[in-house]
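Structure, as structure tokens:
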Amino acid sequence: MTRLLKIAAIVALVIMVWLMTPGGGVPILAYHQVSSVPEVYSIDSGQFEEQMRYLAIQGYTAISFADLFAARAGTQSLPPKPVIITFDDGYDDNYLTALPVMARYGLKSTVFVIAGQVGQPGYLTWDQIKNMQSAGTEFGSHTFSHVALNEISQPQLMDELTRSKQLLEQNLARPVDFFAYPYGQYNLDTIAALKQAGYTGACTGLPGLGTTTDDAYQLKRVNIPRPKYGLWEFRLRLVRAHLYAKLSLLRDRVIW
Ligand SMILES: [Zn+2]
Numbered sequence: 001m002t003r004l005l006k007i008a009a010i011v012a013l014v015i016m017v018w019l020m021t022p023g024g025g026v027p028i029l030a031y032h033q034v035s036s037v038p039e040v041y042s043i044d045s046g047q048f049e050e051q052m053r054y055l056a057i058q059g060y061t062a063i064s065f066a067d068l069f070a071a072r073a074g075t076q077s078l079p080p081k082p083v084i085i086t087f088d089d090g091y092d093d094n095y096l097t098a099l100p101v102m103a104r105y106g107l108k109s110t111v112f113v114i115a116g117q118v119g120q121p122g123y124l125t126w127d128q129i130k131n132m133q134s135a136g137t138e139f140g141s142h143t144f145s146h147v148a149l150n151e152i153s154q155p156q157l158m159d160e161l162t163r164s165k166q167l168l169e170q171n172l173a174r175p176v177d178f179f180a181y182p183y184g185q186y187n188l189d190t191i192a193a194l195k196q197a198g199y200t201g202a203c204t205g206l207p208g209l210g211t212t213t214d215d216a217y218q219l220k221r222v223n224i225p226r227p228k229y230g231l232w233e234f235r236l237r238l239v240r241a242h243l244y245a246k247l248s249l250l251r252d253r254v255i256w
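Numbering (my numbering), first residue to last: 1 to 256.
Structural data, given as structure tokens:
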């Protein structure tokens, strides 16, 4: 009996170590606002700085979706500890507050813009977007009007995807290949429409890591809401994403 317990303890330890070691995926962090507005998707500039400093100290290199997809295609290799920092909706604090913080730590981001909101109060202007692009920020689409894509008609769906893409491409003078689903809502029709509209990949709200083998239109992210428990919460969210990545690897293998 004691021997059995010892074996069980060793097996449990091995499983723990396996689960805790990095899962070979890229954490894709999902932020919204960086401001003192006390809302769940708004994080204080001090908390944001603490998280960026942590990433820099831990040796993370911020990459773009273009980099990730070049790695997926085998035309580029990724740095040792890659991370993708994303912002949804395109708030002006991404430029005014987050960009200078990230610049201090040599980090860059991808902003998924609601194209129809550009220039509205509280949102980025085209000039700010162009300045961010010059500073190394990648831009993607978050639709034209931030509707839940599985609740609208097919023509409306195509309009949301193509109008936002065209407007961004006209203003940025470069292709816009990546997308984030508003409210994390999508289905097979949405994915088919994204392909038809010419997008290369899309981010969901599902927890986990971005990998080079996952479905390009169902990339998982690490949601970073306003922390209640400081930097520990941020660190735990990263660990949890690695755990999910490990477990889905296991699940994929079982199904396969
Ligand atoms: Zn959104």
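Even glycine gets a Cβ: it sits at the ideal position worked out from N, Cα and C. Note that the structure is predicted; figures quoted are calculated from it, not measured.
DSSP places arginine 221 in the strand class (E or B) of the three-state scheme.
When Cβ pairs closer than 8 angstroms are counted between the two stretches, the segment 156-164 is seen to touch the segment 190-202, the count reaching three or more. In this structure, the CA atom of valine 111 is about 26 angstroms from the CA atom of leucine 243. If you check the CB distance, lysine 220 and leucine 236 do not come in under 8 angstroms.
With contacts defined by Cβ atoms closer than 8 angstroms, histidine 32 and tyrosine 123 do not form a contacting pair. Leaving aside the five residues that flank phenylalanine 178 on each side, the residues in its chain whose CB is nearer than 6 angstroms to its CB run, in chain order, Phe65, Gly140 and Gly201. Shortest Cα-Cα distance from leucine 29 to any of Lys246, Leu149 and Phe234 involves Phe234. Any heavy atom of ligand 1 within less than 5 angstroms of a residue's beta carbon puts that residue on the list, which reads Asp88, Asp89 and Pro182. A straight-line Cα-Cα distance of about 19 angstroms links valine 113 and alanine 216. Burial check for threonine 2: the Cβ neighbour count within 10 Å stays below 16, so the residue is exposed.
Fewer than three Cβ pairs drawn from the segment 181-191 and the segment 59-76 lie within less than 8 angstroms of each other, which leaves the two stretches out of contact.
The C-alpha of alanine 180 lies about 43 angstroms from the C-alpha of alanine 8. Checking the DSSP bridge columns, you'll see threonine 110 partnered with Thr86 and Glu138.
Short of 6 angstroms from the beta carbon of alanine 115, and not among the five residues preceding or following it, lie these beta carbons of its own chain, in chain order: Phe144, Ser164, Leu167 and Leu168. Residue state for serine 248 is assigned as helix, using DSSP reduced to three classes. With a cutoff of 8 angstroms on beta-carbon distance, isoleucine 224 and isoleucine 43 are scored as near each other.
Closest in alpha carbon position to serine 35, among Gln185, Val147, Phe87 and Lys108, is Phe87. The C-beta separation of alanine 62 from lysine 6 comes to about 45 angstroms, leaving the pair out of contact by the 8 angstroms criterion. For threonine 61, the secondary structure class from DSSP, reduced to helix, strand or coil, is strand. DSSP, read as helix, strand or coil, puts proline 207 in strand.
In chain order, Ala180, Leu219 and Arg221 place their CB closer than 6 angstroms to the CB of cysteine 203, counting only its own chain and leaving out the 5 sequence neighbours on each side. Each residue's CA atom was taken as its position, placing methionine 102 and glutamate 138 some 14 angstroms apart. Leucine 149 and threonine 162 have their C-alpha atoms spaced approximately 13 angstroms apart. The beta carbons of tyrosine 95 and arginine 53 sit no closer together than 8 angstroms.
When the beta-carbon positions are compared, histidine 142 and proline 207 stay at least 8 angstroms from each other. Under the DSSP definition of a beta bridge, alanine 202 partners with Phe179.
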